[in-house]
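Peer 1:
Protein chains in written order, with the working numbering: chain A, 1 to 332; chain B, 333 to 601.
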């Protein structure tokens, strides 16, 4: 597969100054500063094809932002290769950045004191956007994101959701081929998040824009991306379809059982049995790996053996699967 | 320069002016405040000179003529170099990332993306007022030669100060904090430059000619017109070197800036 974005053995570390405690530590630091090397990104490789939309997730400090910054040409990697659309981002900055758009959810690129439209006009001049393209894009995006009412308002008067929508449009006016979103829904309310997700999805479907986006909100990923990249402590831990992650990590099934009478449920091989609710002795919870235990057999056995009133089997939420993946390394 | 670059400069200037002058009364008051703050320094010089008659042979009008060059060059400087003056903040807040993401020259963007118009108007007006009041009284003869000299001297003076800002901005790639260094290398030097350098000790004089060449911003250009006795100890060529020194130090600072950019480390979120 030759991707539009190719990343190979990417590595980046930071020097963190390590300071001793108190005044002696401060003085020592002044005379002979000590540094600690911290690997932000360790040997990451992946490819993204044209038109793909990829969710990029990981806990805080996992290296997501560092990777995005290297992909967008802000940071130099220590080693490894990045090739995006045939260009090396950090070497051919000026030719490269005209083809990409970057949205930092936490850092606005709009002029704080001026109406939104003024920032757009400035971007038009910076990116040399032809009049026609500019007008077309502006009309289309303001319509899609319902921005007409606040286009002439100063940015400082906007709500966070409105500002975020304006920032997303700002990154798209010049028809970028690739867009990096770094937490585009952070702090936005439920309705606003939904608007942004719908917009991103439509844009990807209609324009074939390639997108990579980081978020902490799994709903964002579930509603927009087919493919998921998970990194943790600088390492890639998962790269594949969103559905595949359930197959790989989410094999645990939970069976909630309510009996008609207070009967003790006897141990069953490969099944963890617990009582979720102390006040109700008729409720039981059974957890098992659905590869090791047949759901059909287990249910048949339960129904034949116990006076079952209610029974419910649930798959794990994607969010808790991810939590398990992050948590897994701590227990290793 | 390409026409779209000139167009962009126009849009930048329009945008910054719009942002700074959004509230007209406030903008006028603030510009006036800058004007008055700086003018108090001038009043101090004036009152001092009233007592002493002259300072190393410089009378009060000649002193104010010397000062007018400082204010005028700063007024012009700050239209273009606000982004470099505040560059430490830009780096600390991680806003430099945004410049890197735009398909334009970095220094070009920093220069045009912001302009402290209050300072520009305040210092500029003070400089022009002082010039108008004093130029006639210190015996300047205006002809094509002296007008040209004056224009080049102002340009050189702007470049010298711009080079100091650029040097300090480049240091931000290595050090996170350069404010106190700026205080020492720029603002303290500027305070010294409000008086004829001949009144200072040898060390400070050498520093202001050869290290941080602030003497070329106003002392030597003023000497070109006034030819005061105290200037005889310095090489005669100094009177003509302001544009050369300006271009030279700016080039050096620019090379240092180009070299330093690779050490940029983006800040975390």
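Where a beta carbon is used, it is the ideal one built from N, C-alpha and C, also for glycine.
#1: Using a Cβ-Cβ cut-off of 8 Å, state whether residue 356 of chain B counts as contacting chain A.
#2: If you reduce the DSSP assignment to three classes, tell me which class residue 271 of chain A lands in.
#3: If I'm right that residue 48 of chain A touches residue 212 of chain A with Cβ under 8 Å, what's the distance once you round it to whole angstroms?
#4: Residues in its own chain within less than 6 Å of residue 63 of chain A by CB, not counting five upstream and five downstream?
#5: What's the gap between the Cα of residue 470 of chain B and the Cα of residue 572 of chain B?
#6: Check for me: the alpha helix (DSSP H) holding residue 512 of chain B runs from which residue to which?
#7: Which runs of the alpha helix (DSSP H), 4 residues or longer, sit entirely within the segment 213–267 of chain A?
#8: With 16 other CB atoms within 10 Å as the buried threshold, where does residue 314 of chain A fall?
#9: Which residues in chain B sit within 7 Å of residue 319 of chain A, going by Cβ to Cβ distance?
#10: Comparing C-alpha positions only, which one of B:566, B:564, B:526 and B:484 sits nearest to residue 376 of chain B?
#11: If you draw a straight line from the alpha carbon of residue 207 of chain A to that of residue 411 of chain B, how long is it in whole angstroms?
#12: Determine, using beta carbons only, whether residue 79 of chain A comes closer than 8 Å to chain B.
#13: Report buried or exposed for residue 502 of chain B, applying the criterion of at least 16 other Cβ atoms within 10 angstroms of its Cβ.
#14: Would you mind stating whether residue 111 of chain A and residue 155 of chain A have Cβ atoms separated by less than 8 Å?
#15: So residue 436 of chain B contacts chain A; which residues on that side make the cut at Cβ distance below 7 Å?
#16: Going along the chain, which unbroken runs of the alpha helix (DSSP H) with 4 or more residues stay wholly within the segment 56–141 of chain A?
#17: Check the Cβ-Cβ distances between residue 350 of chain B and every residue of chain A, and say whether any is below 8 Å.
#18: Within 10 angstroms of its Cβ, does residue 355 of chain B collect 16 or more other Cβ (buried), or is it exposed?
#19: Tell me whether the beta-carbon of residue 456 of chain B lies closer than 8 Å to the beta-carbon of residue 404 of chain B.
#20: If we require 3 or more residues per run, which beta strand (DSSP E) segments fall completely within the segment 505–593 of chain B?
#21: With a cut-off of 8 Å, does the C-beta of residue 340 of chain B fall near any C-beta of chain C?
#22: For residue 289 of chain A, count neighbouring Cβ atoms within 10 angstroms of its own Cβ and tell me buried if that reaches 16, exposed if not.
#23: If we define contact as Cβ-Cβ less than 8 Å, is residue 514 of chain B a contact residue for chain A?
#24: Mind checking the segment 98–109 of chain A against chain B and listing, in chain order, the residues whose C-beta falls within less than 7 Å of any C-beta there?
#25: Please list, in chain order, all residues of the same chain as residue 68 of chain A whose beta carbon is under 6 Å from its beta carbon, the five residues on each side excluded.
#26: Taking the C-alpha atoms as reference points, what is the distance between residue 201 of chain A and residue 424 of chain B?
#27: Can you grab the Cα-Cα spacing for the pair residue 335 of chain B / residue 362 of chain B, in whole Å?
#28: Pull up the CB-CB distance for residue 127 of chain A and residue 174 of chain A, whole angstroms please, since I reckon it's below 8 Å.
#29: Quick one: is residue 430 of chain B near chain A, going by C-beta distance under 8 Å?
#30: What's the call for residue 275 of chain A, buried or exposed, on a 16-neighbour Cβ count within 10 Å?
#31: Under 8 Å between the Cβ atoms of residue 389 of chain B and residue 555 of chain B?
#32: So, helix, strand or coil for residue 469 of chain B, using DSSP?
#33: Take every Cβ of the segment 486–501 of chain B, pair it with every Cβ of the segment 581–590 of chain B, and state whether three or more of those distances are shorter than 8 Å.
#34: For residue 224 of chain A and residue 433 of chain B, I'd like the C-alpha separation in whole angstroms.
#35: Quick one, which residues of the segment 388–420 of chain B are near chain A if we go by CB-CB under 9 Å, in chain order?
#36: Within 8 Å (strictly less), CB to CB, does residue 37 of chain A reach chain B?
Peer 2: In short:
#1: For residue 356 of chain B, the nearest beta carbon of chain A is not closer than 8 Å to its own beta carbon.
#2: Correct three-state label for residue 271 of chain A: strand.
#3: The pair is a contact, with the Cβ atoms about 7 Å apart (cut-off 8 Å).
#4: Cβ within range, chain order: 40, 41, 231 and 234.
#5: Between the alpha carbons of residue 470 of chain B and residue 572 of chain B lies a distance of about 20 Å.
#6: Per DSSP, residue 512 of chain B is one residue of the alpha helix (DSSP H) stretching across 511–514.
#7: Listed in chain order, the complete alpha helix (DSSP H) runs (minimum 4 residues) inside the segment 213–267 of chain A are 218–224 and 242–249.
#8: Exposed.
#9: Result: empty, since nearest Cβ-Cβ is about 21 Å, beyond 7 Å.
#10: Among B:566, B:564, B:526 and B:484, the Cα nearest to that of residue 376 of chain B is on B:526.
#11: Going by the C-alpha atoms only, they are around 41 Å apart.
#12: No, because no Cβ of chain B sits closer than 8 Å to the Cβ of residue 79 of chain A.
#13: Here residue 502 of chain B is buried: its Cβ has 16 or more other Cβ atoms, across all protein chains shown, within 10 Å.
#14: Going by C-beta atoms, residue 111 of chain A is nearer than 8 Å to residue 155 of chain A.
#15: Those are 126, listed as they occur along chain A.
#16: Given a length threshold of 4 residues, each whole run of the alpha helix (DSSP H) inside the segment 56–141 of chain A is given here in chain order: 64–71, 93–97 and 116–126.
#17: For residue 350 of chain B, the answer is yes, since a Cβ of chain A falls inside 8 Å of its Cβ.
#18: Classification of residue 355 of chain B: exposed, given that the 10 Å Cβ count is below 16.
#19: Pairing residue 456 of chain B with residue 404 of chain B gives a Cβ-Cβ distance under 8 Å.
#20: DSSP runs (the beta strand (DSSP E)) wholly in the segment 505–593 of chain B: none.
#21: Here chain C cannot be found, since the structure's protein chains are A and B.
#22: Under this definition residue 289 of chain A is an exposed residue.
#23: Residue 514 of chain B does not count as touching chain A.
#24: Within the segment 98–109 of chain A, those residues whose Cβ lies closer than 7 Å to any Cβ of chain B are, in chain order, 98, 102, 106, 107 and 109.
#25: Closer than 6 Å at the Cβ level, and outside the excluded window around residue 68 of chain A, lie 180 and 182.
#26: So the alpha carbons of these two residues sit roughly 34 Å apart.
#27: Approximately 34 Å, taken between the alpha carbons.
#28: About 4 Å separates the Cβ atoms of residue 127 of chain A and residue 174 of chain A, confirming a contact at the 8 Å cut-off.
#29: Judged by the 8 Å Cβ criterion, residue 430 of chain B is in contact with chain A.
#30: By the beta-carbon neighbour count (other beta carbons within 10 angstroms, threshold 16), residue 275 of chain A is exposed.
#31: Taking 8 Å as the Cβ cut-off, residue 389 of chain B and residue 555 of chain B do not qualify as a contacting pair.
#32: DSSP places residue 469 of chain B in coil when its eight states are reduced to three.
#33: Contact between the segment 486–501 of chain B and the segment 581–590 of chain B is present, with at least three C-beta pairs closer than 8 Å.
#34: Cα to Cα, the separation comes out at about 25 Å.
#35: Along the segment 388–420 of chain B, none of the residues has a CB nearer than 9 Å to a CB of chain A.
#36: With 8 Å as the cut-off, residue 37 of chain A does not count as an interface residue toward chain B.
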